[in-house]
Amino acid sequence: MEKMDNLDIVQEKKDGIHIVRLDGVLDSSTCMNFGVVFNAIAEKSELLLILDLKKLKYINSVGIGTIVSNIRKIQNADGKACFYQVSDEVKHVFDLTGLSNIFFFFDDEASAVNFLSQS
260 MEKMDNLDIV QEKKDGIHIV RLDGVLDSST CMNFGVVFNA IAEKSELLLI
310 LDLKKLKYIN SVGIGTIVSN IRKIQNADGK ACFYQVSDEV KHVFDLTGLS
360 NIFFFFDDEA SAVNFLSQS
């Protein structure tokens with residue numbers, strides 16, 4: 260686990276799928292380090308990614324931008340990404356920005372893994 264100011268990131272690999280669990284706040288003070296983690300994933304050609312946002316307490320526009328730009332890198336390399344266990348507060352931010360119509364959201368890990376496994 261990597262401690263980043265007020266954001267903890269836990270990474271796990273399961274059946275060829277990279278799972279990243281976020282705990283804390285994703286904003287201007289934590290997004291740069293989060294971007295470093297994403298770049299490391301992209302450099303390893305990890306093309307299937309799940310973001311577990313169950314414990315993400317807050318995200319602002321900078322955090323959203325960081326997620327979007329890095330998921331685009333994965334998608335441009337013919338990869339896929341999705342989210343699961345997104346809190347109502349965080350999902351509301353995705354809804355307000357229209358991103359909930361672009362990305363895939365699931366209630367549980369098994370559904371997210373199943374979605375990516377079928378790609």
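Here the sequence shown is numbered in the numbering used here, starting from 260 and rising by one per residue. For every residue, glycine included, the Cβ atom is placed at its ideal position computed from N, Cα and C.
Looking at the DSSP output, PHE342 bridges to LEU310 and PHE364.
Distance between MET291 and GLN377, taken at the CA atoms: about 32 Å. Cβ-Cβ separation between HIS277 and GLU305: approximately 4 Å, consistent with a contact (criterion under 8 Å). Between LEU308 and LEU285, the gap from beta carbon to beta carbon reaches 8 Å or more. In the structure shown, ASP337 adopts coil according to DSSP, grouped into three states. ASP311 counts as buried, since no fewer than 16 other beta carbons sit within 10 angstroms of its beta carbon. ILE318 places its beta carbon less than 8 Å from that of VAL352. Cβ contact annotation for GLU271 (same chain, cutoff 6 Å, sequence separation greater than five): ILE278, in chain order. Annotation: the continuous alpha helix (DSSP H) that includes GLU348 extends over 347 to 356. DSSP, read as helix, strand or coil, puts GLU302 in helix. Between GLN334 and ALA340, the alpha-carbon positions lie close to 8 Å from each other.
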